[in-house]
Amino acid sequence: MDWIVTVPPGETAGGAFSPETESAAHAAFDEHGCVLLRGAFPLATVEAMHNEFLGQFGTLDWTGMQRESEKPSPNRFLRVGGARYDITLRMTGAFGSPEVFANPALLKFLGPLLGEVIHLSNFTAVVSHPGASQQHTHRDHDHIFYNPGVGPALPTYAINVAVPLIDVDRRTGPTAVWLGSHRLAQGVTVGSETMTVAELKRGDLMLLDYRTLHAGLPNGSRQSRPIVYMVYARPWFFDHTNHITRVPLDMPIERFQALPPELHPLMIRAYSYASRARWHEVDARSSAPSRPPEAARPPATPAALAAAKPAHVGRNDPCPCGSGQKFKYCHGKLA
Amino acid sequence: MDWIVAVSAGEAASGEFDPETDSRLRAAFQEHGCVLLRGVFSSATIDAMHREYAAQLGALDLAAMRAQAEKPPPNRLIGVGGARYDVTLRMNGVFGNPEVLANPLLIKFLRPLLGKDMRLNSLTVVVSHPGSSQQQAHRDHNHLFSEPGLGPSLPVYAVNVAIPLIDVDLETGPTGVWLGSHRFEHMTSVQASAMVAIPWQRGDCMLMDYRLLHAGLPNRGTQPRPVLYLVYGRRWFADDVNHINRIPLDMALERYAELPEPVRPMLIRAYTHAVRLRWPEADWSSLAAQRIEPRPAPPAARPLAPAVVQAAPPRATADSANWGKTGRNEPCPCGSGKKYKHCHGRNP
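Right, dumping it as structure tokens:
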């Protein structure tokens, strides 16, 4: 069973997978703990998400994100390895669109895997900057029972859906996966000779069982690589490893209240956080753009977006890691 | 295997179970999903907890609790059926004491069940006011997986530790349990006659698998019945049913910082809540305004002989003199506007 399933354009446009597509994807996910759904999101949706990302955090380069991540908790920014940051996104604009976080075809696919009630648990972006090295091989979370044999045999409890906001070729560094590793016992190690890598195109979705071993590959390009991660979980599962001090969902309460009621169970954690999170304090001490009321925010113009985009790092520019060396002698060696 | 296990004074003092007690306890918990441990806490500790409880919440009668529970989330109080409220306690005084939060006997029992990285999920008190009716048989949380047969076969994922702050006789209403029901696939298969209930003494604690079917019995006594609940869970488990809109742990950051290093990982969620969440401004100040002097410690009651009863205990003979501070013709403290005799005072 191939772990890559291509969604025909008609199904993507129509907002529903055909039974054939869906069963191929389910079979792949069950066998590999991972499935790459090619073209499952319309290009326009991904472009709107990318623009929203640039509008929210596009001005922050590596140094800026590092500075943010060093601020006291609770923090939007979490450093996840060298030159990689995991950022809680504001679910406004395209990120607040049900077409994205409650995509009908995606939810229909997830239903049989996660059960009747599914919670959106995180909505973040991982940005790997030029010069980011390879991540260590890891699971998003360990098996939920340490008792021998129990964890690997269980159905999935959480699924990480990666939405690349740009085309990610080998040089920019997609995520490598170890197919079938969701069934490996705790502590079993794997080598790079068994990893699988595929280039990602805008519109692709990569779905990872939370137990599947994976590693972000080095970013040897000159541009930052933003990937949105939407985590869907069984209602009792909370990622207490990554979210000790961080709130992983940020949807304004008015936005939640305006959602169709059938989406409230999916988004209940957003409500839970919004009703008691201290975002006002978080954002008050952040140098990132403050959060204006959504209605008051002007739609981003292409020129503004271009200005917000971090400049590509030139080979002879100082390395953004702050070493004082030229990029080409420092983190640019990979490029 | 008896589900009631007595802890010797020596065991309580040393914080170590005899190997024989330990294996009896584990076998009983495995079989019944429930065990009543007698004599874990000293009367002095329980009385200190009762005083702290009274200082925090003693001023709130049924009507006041109901009014608090109706406020918008996040809320400290939730209604849990009839005249019962589940209240997040401030982890002050004895409720912030590692001897209570991480009692050596309890932790030694729970760690092998829930993993070295287990967490304290919640520290709340359930107060059942006089006139509370019997709760429905329920689980604290359902099986994790609804796939047929899977849930009942899994190891325990959370344990609820009930610590009565007063002696709870059958009039006052302890919690009735269905032994072995943590392995039932469905909740519908229980019969009222299979329920087991036993009076609680101060110092006891009842450990329940989160999947165990249980029901709070009616409070036919004259005083509110506060029972402290400590829930310990696996690292990743969170009670999505009860704590979506409630913050179940309330420890000030300064208190957390004072905790001994080895206890902190288990209490990390208290830190998480304190760091990233806020309590609504109006919350505690309004309660503090009603604060009264702590009640005196209740007089030591004579020990009750364990008595296992079937189903709900028989009702007390009607004696209106026993029906507490509320007169029959006064408005019911539940706030219904009806007379007590026509409302919660109706079925003595």
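Line order of the protein sequences matches chains U and G. To convert, note that position 296 of the first sequence is 320 in my numbering; the numbers rise steadily by one, no gaps. To convert, note that position 145 of the second sequence is 720 in my numbering; the numbers rise steadily by one, no gaps. A virtual CB, placed ideally from N, CA and C, is assigned to each residue, including glycine. A quick note: this is a predicted structure, and the numbers were derived from the prediction, not measured.
Taking all protein chains shown into account, do 16 or more other C-beta atoms lie within 10 angstroms of the C-beta of Thr763/G, making it buried, or fewer, making it exposed?
Position 188 of the second sequence, counted from the first residue, corresponds to residue 763/G. Thr763/G should be labelled exposed.
For Ile190/U, the first and last residue of its enclosing beta strand (DSSP E)
Taking the first sequence and counting its residues from 1, the one referred to as residue 190/U is at position 166. Premise fails: Ile190/U is in no beta strand (DSSP E) and is neither H nor E.
Of the listed residues Ala51/U, Arg62/U and Leu232/U, nearest to Glu35/U (C-alpha basis)
Start at 1 with the first residue of the first sequence, and residue 35/U comes out as number 11. For Glu35/U, the closest C-alpha among the options Ala51/U, Arg62/U and Leu232/U is that of Arg62/U.
Could you pull the start and end residues of the alpha helix (DSSP H) that Ala642/G belongs to?
Within the second sequence, numbered from 1, the residue matching residue 642/G stands at position 67. Start and end: Leu637 to Ala644.
Where Gly608/G sits in the DSSP three-state scheme:
Here residue 608/G refers to the residue found at position 33 of the second sequence. DSSP places Gly608/G in coil when its eight states are reduced to three.
Hey, Leu787/G and Phe169/U are a contact pair by Cβ (cut 8 Å); roughly how many whole angstroms apart?
The sequence position of residue 787/G within the second sequence is 212, counting from 1. The sequence position of residue 169/U within the first sequence is 145, counting from 1. Contact doesn't hold; Cβ gap of about 19 Å is too wide.
Any idea which residues DSSP pairs Cys780/G with across the strands?
Here residue 780/G is taken as the residue at index 205 of the second sequence, counted from 1. Looking at the DSSP output, Cys780/G shares a beta bridge with Leu612/G.
Asn171/U: which of Pro647/G, Pro801/G, Arg651/G and Leu688/G sits nearest, CA to CA?
For this step, residue 171/U is matched to residue 147 along the first sequence. For Asn171/U, the nearest C-alpha among the options comes from Leu688/G.
On the three-state DSSP scale, how would you describe Arg315/U?
Residue 315/U sits at position 291 when you count from the first residue of the first sequence. Confidence at Arg315/U is low in this model, with a pLDDT of 39, below 50, so its placement is unreliable and no value can be given for it.
Find the residues of chain G that neighbour His153/U, judging by a C-beta separation of less than 8 Å, and give them in chain order.
Counting from one through the first sequence, the residue named residue 153/U turns up at place 129. The contacting residues do not exist; His153/U stays about 26 Å from chain G at best.
Quick one: any contact between the stretch 766-783 of chain G and the stretch 838-845 of chain G, if contact means 3 or more CB pairs under 8 Å?
Per the Cβ contact rule, the stretch 766-783 of chain G is not in contact with the stretch 838-845 of chain G (fewer than 3 Cβ pairs under 8 Å).
Since I believe Leu740/G is in contact with Met624/G (beta carbons under 8 Å), could you give me their beta-carbon distance rounded to a whole number of angstroms?
What you label residue 624/G is simply residue 49 of the second sequence in a count that begins at 1. What you label residue 740/G is simply residue 165 of the second sequence in a count that begins at 1. Yes, they are in contact, since the Cβ atoms of Met624/G and Leu740/G sit about 5 Å apart, within 8 Å.
Rounded to a whole number of angstroms, what is the C-alpha to C-alpha distance between Ala677/G and Val700/G?
For this step, residue 677/G is matched to residue 102 along the second sequence. For this step, residue 700/G is matched to residue 125 along the second sequence. Rounded to the nearest angstrom, the gap between the Cα atoms of Ala677/G and Val700/G is 17 Å.
Tell whether a beta-carbon distance below 9 Å holds between Arg694/G and Arg809/G.
Residue numbering aside, residue 694/G sits at position 119 when the second sequence is read from its first letter. Residue numbering aside, residue 809/G sits at position 234 when the second sequence is read from its first letter. Annotated as proximal: Arg694/G and Arg809/G, with beta-carbon spacing under 9 Å.
Three or more C-beta pairs closer than 8 Å, one from the stretch 749-758 of chain G and one from the stretch 598-613 of chain G: is that the case here?
Yes: at least three Cβ pairs fall under 8 Å.
For His718/G, is the classification buried or exposed, using 16 other Cβ atoms within 10 angstroms of its Cβ as the cut-off for buried?
The residue given as residue 718/G occupies position 143 in the second sequence. With 16 or more Cβ atoms within 10 Å of its Cβ, His718/G is classed as buried.
Three-way DSSP call (helix, strand, coil) for Leu208/U in this model:
Here the question's residue 208/U lines up with position 184 in the first sequence. Per DSSP, reduced to three states, the secondary structure at Leu208/U is coil, with no helix or strand assignment.
Along chain U, in chain order, which residues have C-beta atoms closer than 9 Å to that of Ser721/G?
Counting from 1 along the second sequence, the entry for residue 721/G is found at position 146. Near Ser721/G (Cβ distances below 9 Å), the residues of chain U are Gly139 and Glu140.
Is DSSP giving Leu229/U helix, strand or coil here?
One-based indexing of the first sequence puts residue 229/U at position 205. Three-state result, Leu229/U: strand.
Chain G partners of Val255/U, CB-CB under 9 Å?
Numbered from 1 along the first sequence, position 231 holds the residue referred to as residue 255/U. Within 9 Å Cβ-Cβ: nothing; Val255/U doesn't reach chain G, min ~13 Å.
Considering Cα atoms alone, identify which of Pro136/U, Ser216/U, Ser245/U and Arg163/U is closest to Glu46/U.
For the purposes of this step, residue 46/U is identified with residue 22 of the first sequence, where counting begins at 1. Of the listed residues, the one whose Cα sits closest to Glu46/U is Pro136/U.
Is it buried or exposed, Ile867/G, if we count other Cβ atoms within 10 angstroms and call 16 or more buried?
Translated into positions along the second sequence, residue 867/G becomes position 292. Since pLDDT at Ile867/G reaches only 33, below the 50 mark, its modelled position is unreliable, and the value read off the structure follows with that caveat. Classification of Ile867/G: exposed, given that the 10 Å Cβ count is below 16.
Members of the stretch 245-269 of chain U near chain G, C-beta cut-off 9 Å:
So the list reads Arg258, Pro259, Trp260, Phe261, Phe262, Asp263, His264, Thr265, His267, Ile268 and Thr269, given in the order they occur along the chain.
Chain G contact for Phe133/U (CB, 9 Å cutoff):
Within the first sequence, the letter at position 109 stands for residue 133/U. The beta carbon of Phe133/U sits no closer than 9 Å to any beta carbon of chain G.
Can you check whether the C-beta of Phe351/U is within less than 9 Å of a C-beta belonging to chain G?
Translated into the one-based positions of the first sequence, residue 351/U becomes position 327. No, its Cβ sits nowhere closer than 9 Å to a Cβ of chain G.
Distance, Cα to Cα, Ala64/U vs Thr30/U?
In the first sequence, residue 64/U corresponds to position 40, counting from 1. In the first sequence, residue 30/U corresponds to position 6, counting from 1. As the crow flies, the alpha-carbon of Ala64/U is around 8 Å from that of Thr30/U.
Count the other C-beta atoms from every protein chain shown that fall within 10 angstroms of the C-beta of Val655/G, then say buried if there are 16 or more, exposed otherwise.
Mapped onto the second sequence, residue 655/G falls at position 80. With 16 or more other Cβ atoms within 10 Å, it is buried.
Using only CA atoms, which one of Asn340/U, Leu290/U and Tyr295/U lies nearest to Lys132/U?
The residue labelled residue 132/U in the question sits at position 108 within the first sequence. Nearest C-alpha to Lys132/U: Leu290/U.
Cut-off 6 Å between Cβ atoms - residues of its own chain near Phe592/G, not counting five sequence neighbours on either side:
As a position in the second sequence, residue 592/G is number 17, starting the count at 1. Once the five neighbours on either side are set aside, the close Cβ partners of Phe592/G are Glu586.
Counting only beta-carbon separations shorter than 9 Å, does Phe604/G have a partner in chain U?
For the purposes of this step, residue 604/G is taken as residue 29 along the second sequence, with counting starting at 1. With respect to chain U, the C-beta atom of Phe604/G has no partner C-beta closer than 9 Å.
Among Leu134/U, Glu140/U, Ala72/U and Pro198/U, whose alpha-carbon lies nearest the alpha-carbon of Leu224/U?
Residue numbering aside, residue 224/U sits at position 200 when the first sequence is read from its first letter. Nearest option by C-alpha distance: Pro198/U.
Quick one: what's got a C-beta closer than 8 Å to Arg293/U's C-beta in the same chain, skipping five residues either side?
Numbered from its first residue, the first sequence carries residue 293/U at position 269. Excluding positions up to five away in sequence, the list reads His143, Leu144, Ser145 and Leu273.
Quick one: does Ala813/G have its CB under 9 Å from some CB of chain U?
Here residue 813/G is taken as the residue at index 238 of the second sequence, counted from 1. With 9 Å as the cut-off, Ala813/G counts as an interface residue toward chain U.
Beta carbons nearer than 9 Å to chain G: which residues of the stretch 153-177 of chain U have them?
Listed in sequence order: His165, Asp166, Ile168, Phe169, Tyr170, Asn171 and Val174.
Residue closest to Phe147/U, alpha-carbon to alpha-carbon, out of Cys58/U, Ala282/U, Arg339/U and His267/U:
Indexing the first sequence from 1 puts residue 147/U at position 123. Nearest option by C-alpha distance: His267/U.
My parser needs the alpha helix (DSSP H) runs of 4 or more residues fully inside the stretch 81-149 of chain U; what are they?
Listed in chain order, the complete alpha helix (DSSP H) runs (minimum 4 residues) inside the stretch 81-149 of chain U are 86-93, 122-125 and 128-138.
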